[in-house]
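Line by line, the protein sequences give chains U and X.
Using the numbering used here, you'd call the opening residue of the first sequence number 123 and step up by one each time.
Using the numbering used here, you'd call the opening residue of the second sequence number 342 and step up by one each time.
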Amino acid sequence: MTGEPAGTWHRLHPLSPVVRSGRGLIAVAVAVAITRSATSGSGWLEVAFLFAAVVAAVISWLVTRWRLDGATLRIESGLVRRDSRQLPIARIQAVDVVRPFLARALGLAELRVRLAGSSDADGRLAYLTEQAALELRAHLLATHHGLDPATPEPPEHIVMTVPTGRLIGSVALSTAGPAALMAVLAGVALAFVSAAALAALAVSLVWLLIVCLSLVWRRASTQYGFTVAQSPDGIRIRRGLLGTVAETIPAQRVQAVRVIEPLLWRPLQWCRLEVDVAGSPGRDSADGTARMRKTLLPAGRRGEAGYLLTMAIGAGMPGLTRPPRRARWKAPLSYHFLAAGHDGGLAVSVVGRLRKVTTMVPLEKAQSVRFVQGPLQRRLALATVHVDAAGHVRAEFRERPQEQARLLVDELAALSREARRHAPPAGMPAGGAQAASVASPVNAAQSEA
Amino acid sequence: MPAAPQQAVPPPAVPPPAVPQPGPRSPSPRLWHMRRAEVLACAVVLAAAAGTAAGLAAGPPAAVIAAGAVAAGAALALWFARNRVRSWAYQERDEDLIVERGVLVRRLSVVPYGRMQFVDVTAGPADRVFRLATVRLHTAAAASDARIPGLERDEAARLRDRLAALGEAKAAGL
């Protein structure tokens with residue numbers, strides 16, 4: 123890839139239509155088999171569907187092509203509705219290499235390039251050979267950082283892996299476990315009340331258990347072998363049992379970090395870490411802004427989470443302060459954990475009772491600062507200050523004394539202005555100075571390795 | 342000395358500068374007229390409907406009571422709407438826009454110009470009758486809500502242009 127001249131059109135791998143329609147093909151094949159064995163009628167309709175699906179996939183492959191044009195990646199697709207997309211490489215928010223099971227078996231991989239305003243389908247190249255996908259990713263990230271595109275992928279060092287036992291335990295303790303436990307308890311309780319009712323409900327309880335198990339399976343298999351690695355071009359995450367996903371988040375693209383500690387994890391001192399990257403708007407966002415949430419650590423100890431935190435946002439924790447005691451009247455339950463604080467570079471807030479969530483927003487990434495005071499808060503002379511990050515995340519300084527909150531708004535606005543001023547201009551096409559400043563650590567890392 | 346007065350009073354031929362006087366500003370007084378008209382129109386329709394229904398069901402006294410109840414509700418709504426209109430204020434500072442609003446829940450947003458993704462100017466049917474418009478500043482955060490309703494059209498256009506220019510000049514990447 124890197125050896126070829128940039129600017130030539132490439133096609134996706136010829137096996138792409140097979141993988142893309144793979145699941146459908148299997149489903150139809152199974153349906154045909156079932157209908158043929160159940161009834162003696164012919165399966166012509168199904169076969170026709172199968173044929174149509176294959177033809178559509180092949181046409182879609184024929185008309186899709188992509189090329190690299192210096193600082194943009196161009197993807198053209200569509201037969202009837204021709205679609206040509208230009209993805210400016212400097213604006214990349216994340217690059218993922220996704221390998222579903224079937225693609226993996228055939229040695230293929232899908233490359234997903236995410237931009238701030240793009241939807242999931244926009245920057246997809248499905249499928250390339252694994253080698254080509256990795257080379258293209260290296261090329262994109264090198265260009266993104268303003269390096270020579272032919273720079274090989276910088277070496278990474280693995281920071282952390284999540285053991286499978288802990289992973290399964292964490293899933294079992296988060297949602298599925300309590301639900302399954304409740305189902306069993308309900309069954310036991312019913313057995314005491316009446317045998318007839320139990321018999322009637324047994325089937326649905328069994329179904330519930332199956333759903334729980336499949337939930338555990340899905341979570342555990344997508345997060346299996348979770349590995350976080352650090353490299354000069356960003357944070358890399360690899361995970362997956364049957365299908366694998368490799369995500370790369372360029373440094374400077376993290377909008378917010380959240381540490382989540384569900385109730386049942388707390389005795390084990392576990393927590394989950396999520397980073398927010400500006401990106402693909404989901405269906406829920408009408409105004410084209412959305413978050414993109416990536417798990418940085420599905421389940422880990424506090425120390426591990428702390429290490430990853432410094433890696434992701436590179437700042438120490440500011441000291442947290444608690445709201446005054448009169449806030450109990452406003453927030454009787456959640457008062458227990460409520461705390462917030464900030465320093466020159468980071469705003470941190472802790473909210474939630476059953477699910478303790480610590481949100482960290484780098485002030486340099488703050489989109490706006492808001493002061494909100496409800497009627498009850500006004501009675502108690504309290505107010506809440508929000509620091510909004512791109513998407514739906516925000517650090518909430520809840521139940522602060524009113525006067526302090528007013529000052530806090532101004533202070534946070536001023537601090538975020540300062541932070542923005544000192545931050546490198548992210549998202550701009552890489553100029554000489556920026557390229558040089560990014561280039562040196564990469565080269566240093568390579569010479570070390 | 343004929344020259345001195347001429348120099349002292351230059352004719353304001355050029356339009357006023359785009360940068361407004363400092364300090365908080367509020368929406369046009371016509372916003373209150375618009376809200377009042379909206380509430381009254383709703384109240385008249387509701388009162389007619391409620392009065393007719395009650396009158397048909399339980400006789401004229403009931404109709405009067407129903408209409409009276411609607412009128413009382415309208416008075417309350419008017420009082421609330423007036424406070425709400427009065428609570429809107431915005432201030433263009435050097436680096437950010439401040440929007441203040443709300444009666445029951447008081448809100449104040451500070452949105453840096455550099456964070457602006459795009460500016461919206463909208464005018465619904467009622468807005469158009471009263472020659473008003475709403476300016477809304479969008480950022481990448483879903484929650485940052487910098488909306489200023491009831492601006493006179495010139496002011497809305499001026500604000501839009503200024504916000505767009507400042508947004509471009511101070512643009513910060515995501």
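Glycine included, every Cβ here is placed at the ideal spot set by N, Cα and C.
The alpha helix (DSSP H) runs lying completely inside the segment 421-450 of chain U and spanning 4 residues or more are 424-435, given in chain order. Per the DSSP secondary-structure output, residue 486 of chain X pairs with nothing in a beta bridge. Between the segment 389-399 of chain X and the segment 453-473 of chain X there are fewer than three inter-stretch CB-CB distances shorter than 8 Å, so the stretches are not counted as touching. For residue 195 of chain U against residue 209 of chain U, the beta-carbon gap comes to about 4 Å, under 8 Å, which counts as contact.
Looking at X:410, X:442, X:462 and X:369, the one whose alpha-carbon comes closest to that of residue 425 of chain X is X:442. Listed in chain order, the non-local C-beta contacts of residue 146 of chain U below 6 Å within the same chain comprise 175, local neighbours out to five positions each way being set aside.
Shown in chain order are the members of the segment 411-440 of chain X whose Cβ falls below 7 Å from a Cβ of chain U: 436 and 437. When Cβ pairs closer than 8 Å are counted between the two stretches, the segment 262-275 of chain U is seen to touch the segment 209-228 of chain U, the count reaching three or more. Using a CB distance cut-off of 7 Å, residue 512 of chain U counts as an interface residue toward chain X. Using a Cβ-Cβ cut-off of 9 Å, residue 399 of chain X is close to nothing in chain U; its nearest Cβ partner there is about 37 Å away. Residues of chain X whose Cβ lies closer than 7 Å to the Cβ of residue 496 of chain U are, in chain order, 446. Chain X has a Cβ within less than 7 Å of the Cβ of residue 491 of chain U.
Taken atom to atom, the span from the alpha-carbon of residue 236 of chain U to that of residue 494 of chain U is near 33 Å.
Between residue 229 of chain U and residue 334 of chain U, the alpha-carbon positions lie close to 32 Å from each other. Per the DSSP secondary-structure output, residue 450 of chain X pairs in a beta bridge with U:492 and X:440. From the beta-carbon of residue 510 of chain X, no residue of chain U is found nearer than 8 Å; the closest lies around 13 Å away.
Apart from the 5 residues on each side of it in sequence, residue 375 of chain U sits with its Cβ closer than 6 Å to the Cβ of 215 and 399 in its chain, given in chain order. The Cβ-Cβ distance between residue 460 of chain U and residue 427 of chain U does not fall below 7 Å.
Shortest Cα-Cα distance from residue 247 of chain U to any of U:132, U:510 and U:303 involves U:132. Counting the other Cβ atoms within 10 Å of the Cβ of residue 303 of chain U gives fewer than 16, which makes it exposed. The three-state secondary structure of residue 545 of chain U, taken from DSSP, is coil.
In the three-state DSSP reduction, residue 457 of chain U falls in the helix class (H, G or I).
For residue 364 of chain X, none of the residues of chain U pass the 9 Å Cβ criterion, the least Cβ distance being about 16 Å. Residues of the segment 357-384 of chain U whose Cβ lies closer than 8 Å to any Cβ of chain X, in chain order: 375 and 377.
In the DSSP assignment, residue 266 of chain U falls within the unbroken alpha helix (DSSP H) covering 252-266. The alpha-carbon separation between residue 255 of chain U and residue 220 of chain U amounts to approximately 10 Å. Using a CB distance below 8 Å, the part of the segment 450-476 of chain X facing chain U consists of 450, 451, 452, 453, 455, 456 and 458, ordered along the chain. Across the segment 476-487 of chain X, CB contacts with chain U closer than 8 Å involve 479, 480, 481, 482, 483, 484, 485, 486 and 487, in sequence order along the chain. For residue 288 of chain U, the secondary structure class from DSSP, reduced to helix, strand or coil, is helix. Going by C-alpha positions, residue 352 of chain U is about 35 Å away from residue 510 of chain X.
Where residue 299 of chain U is concerned, there is no enclosing beta strand (DSSP E), although the alpha helix (DSSP H) around it starts and stops at 299-315.
In this structure, DSSP gives residue 130 of chain U a state outside helix and strand, which the three-state scheme calls coil. Counting along the chain, residue 374 of chain X sits inside the alpha helix (DSSP H) bounded by residues 371-399. Secondary structure note for residue 182 of chain U: its alpha helix (DSSP H) is the uninterrupted segment 166-185. For residue 382 of chain X, no chain U residue has a C-beta closer than 9 Å to its own C-beta; the minimum C-beta separation is roughly 28 Å. Straight through space, the alpha carbons of residue 542 of chain U and residue 466 of chain U are spaced by roughly 11 Å.
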